[in-house]
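In numbering that gives the first Met the number 0, the protein residues as written are 0 to 369. The C-beta atom is built at its ideal place from N, Cα and C for all residues, glycine as well. Here the structure comes first, spelled out in structure tokens, and everything after it is commentary.
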Amino acid sequence: MKGAIRHLGPIGLDRFMAEAVQEYYALSEPFGQAGDFTTAPEISQMFGELLGLWAVDTWHRLGRPAPFLLVELGPGRGTLMADALRAARLDPAFSAALTLHLVETSPRLRAIQAERLSAAEPTFHAAIETLPPGPMILIANEFFDALPIRQFERRSGGWHERLVMLDAEDQFRLGLSPDPAPVAALLGPLVRAAPVGGIAEISAAGRAVAGTIATRLVQEGGAALILDYGPPVSAPGDSLQALRDQRPHPPLIDPGTADLTAHVDFAALAGAAALAGAAIFGPLPQGLFLERLGIAARAARLAQSSPAAAAEVAAALTRLTAADAMGTLFQSLCLTRPGLGPPAGLEACEPTQGAPAATTRSAGNGRPRP
Ligand SMILES: C[S@@+](CC[C@H](N)C(=O)[O-])C[C@H]1O[C@@H](n2cnc3c(N)ncnc32)[C@H](O)[C@@H]1O
């Protein structure tokens, strides 16, 4: 990246982030207590199990299409899908009808997923564009937060892009583009109204993926469930953050050695999907969504069947659902083909609802640390 900047000039944060994220997932083992961060399926089997049962229920609502594509974007260690497929065995017809498709760019993680999910014979894809035709049920947990963003700073004359350049010591630093960029029309009202110095974030990649998923759902049928962290209403602020060893790390230092993410702009994803004709349900706080799917009952059952693990199960339940943990920072958003009606857990969510007050984005309040 430094060579490119030296020869061609400053680059957008999106290019910086895309290269850093790809290198990071290609080389690092980031998940769990020994890694850089922990995700919901790595906290407890309950998460993947509930999403597996959600998928079964959705399949019935779709009219039990056979065959159909079960798709996961960014499956990490394959934990979510392994738990989901195990829970879904409750309905053998669902298991018999599915073909598993995993969208993953990291060769290292693909190898782990292939081994863990070998019984389901997954097909790998570098992007959703290569998925074969057919109705699909898609799950994406903490995928969109890894997609690249661009940042813009409000100045008196308009929005100037924040670019990555090199300082006198040959280290990455941020600077502003000399000319304003015509991005105001892409921003939500709260962001557009930000005062001088305010930051706007746009993920063209996130919007494009949401739009592509929605187009497929409209044409081929199905539903997509997106879980990630970010405010339900587009808000101004700098949310780019890096985590290394479970601790905040300066995002521009040693790219590729830390997990680089940004808050997901759920309103922007919903807008891109609605433009493509999909029905939108949510965003709904993750805690409420999991409670509606029955996480408390599942936790009670697990604690009952293994009393030695009761404290661990209770801690996981709190972590996944509590307002001061992942319960409200993370949102669930569902896109479906039009006319399907609300999916399980997302009843009374139409049309897209915002939170009563938008949260200001800021770095460092992303993934909760263990
Ligand atoms: C934060 S991890 C989430 C893993 C898993 N979903 C979980 O909840 O534990 C992000 C995942 O997305 C993958 N990923 C990141 N950028 C991607 C891209 N542009 N295309 C496909 N996969 C990507 C990573 O390799 C990794 O598997």
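{"Item": "If contacts are defined as beta-carbon pairs under 8 Å, then Phe93 and Ala87 qualify, I think. What distance do you get, rounded to the angstrom?", "Value": "5 Å"}
{"Item": "Taking only runs of the beta strand (DSSP E) that begin and end inside the region 189-233, which ones reach a length of at least 3 residues, in chain order?", "Value": "198-201 and 221-228"}
{"Item": "For Leu175, write down the residues that DSSP places opposite it in a beta bridge.", "Value": "Arg161"}
{"Item": "With a cut-off of 8 Å, do at least 3 Cβ pairs link the region 230-240 to the region 255-272?", "Value": "yes"}
{"Item": "Where does Thr351 fall in DSSP's three states?", "Value": "Confidence in Thr351 is poor, its pLDDT being 43 and thus under 50, which makes the residue's placement too unreliable to answer from."}
{"Item": "Quick check: the Cα distance between Ala96 and Pro66, rounded to an integer number of angstroms?", "Value": "5 Å"}
{"Item": "With DSSP as the reference, label Ser6 as helix, strand or coil.", "Value": "The question names Ser, yet the displayed sequence has His at residue 6. Helix, per DSSP."}
{"Item": "Give a yes or no on whether the C-beta atoms belonging to Ile212 and Ala199 are separated by under 7 Å.", "Value": "no"}
{"Item": "Please go through the region 274-339 and give each complete beta strand (DSSP E) segment of 3 or more residues, from N-terminal end onward.", "Value": "278-284 and 329-335"}
{"Item": "Tell me whether Glu152 sits in a helix, a strand or coil according to DSSP, three-state version.", "Value": "strand"}
{"Item": "Whose CA, out of Gly338, Pro337, Gln330 and Arg336, lies closest to the CA of Gly344?", "Value": "Gln330"}
{"Item": "Verify the contact flag: Gly75, CB atom, against every heavy atom of ligand 1, threshold strictly below 6 Å.", "Value": "yes"}
{"Item": "Confirm the yes/no value for this check: CB of Val102, any heavy atom of ligand 1, distance under 6 Å.", "Value": "yes"}
{"Item": "For Arg115 and Arg76, which I take to be in contact (beta-carbon distance under 8 Å), what is that distance rounded to the nearest angstrom?", "Value": "7 Å"}
{"Item": "Using 7 Å as the limit for Cβ to Cβ distance, is Leu101 near chain B?", "Value": "In the structure shown, chain B does not exist; there is a single protein chain."}
{"Item": "Closer than 6 Å: is that where the CB of Leu108 sits relative to any heavy atom of ligand 1?", "Value": "yes"}
{"Item": "Quick check on the DSSP output: what are the complete alpha helix (DSSP H) runs of length 4 or more inside the region 58-121, in order along the chain?", "Value": "78-87, 91-96 and 106-115"}
{"Item": "For Gly401, which option in Leu84, Phe265 and Ile111 has the closest C-alpha, if you only look at C-alpha atoms?", "Value": "The requested residue 401 does not occur in the structure, where the chain is confined to residues 0 to 369."}
{"Item": "Rank Phe36, Glu28, Glu311 and Val263 by C-alpha distance to the C-alpha of Pro147 and give the top, closest one.", "Value": "Val263"}
{"Item": "Just to check, is the beta-carbon of Pro121 closer than 6 Å to a non-hydrogen atom of ligand 1?", "Value": "no"}
{"Item": "Taking the straight line between their C-alpha atoms, what separation do you get for Ser105 and Phe123?", "Value": "11 Å"}
{"Item": "Report buried or exposed for Ala126, applying the criterion of at least 16 other Cβ atoms within 10 angstroms of its Cβ.", "Value": "exposed"}
{"Item": "With three or more beta-carbon pairs closer than 8 Å as the criterion, would you say the region 203-219 touches the region 243-252?", "Value": "no"}
{"Item": "How is Ala258 classed by DSSP in three states: helix, strand or coil?", "Value": "Here residue 258 is Asp; the residue named in the question, Ala, does not match the sequence. Looking at Asp258 - three-state DSSP - the assignment turns out to be strand."}
{"Item": "Assign Leu137 to one of three DSSP states: helix, strand, or coil.", "Value": "strand"}
{"Item": "According to DSSP, is Ala33 helix, strand or coil?", "Value": "coil"}
{"Item": "Here's a check: name, in chain order, each residue in its chain whose Cβ is nearer than 8 Å to the Cβ of Leu370, leaving out the five neighbours to either side.", "Value": "What the structure shows of the chain is the stretch from 0 to 369, and residue 370 is not part of that stretch, so it cannot be assessed."}
{"Item": "Taking 6 Å as the cut-off, is the C-beta of Ser238 nearer than that to any heavy atom in ligand 1?", "Value": "no"}
{"Item": "Does ligand 1 have even one heavy atom less than 6 Å from the beta-carbon of Phe142?", "Value": "yes"}
{"Item": "In angstroms, rounded to a whole number, what distance separates the CA positions of Gln218 and Asp227?", "Value": "25 Å"}
{"Item": "Does Gln240 come out as helix, strand or coil in the three-state DSSP assignment?", "Value": "strand"}
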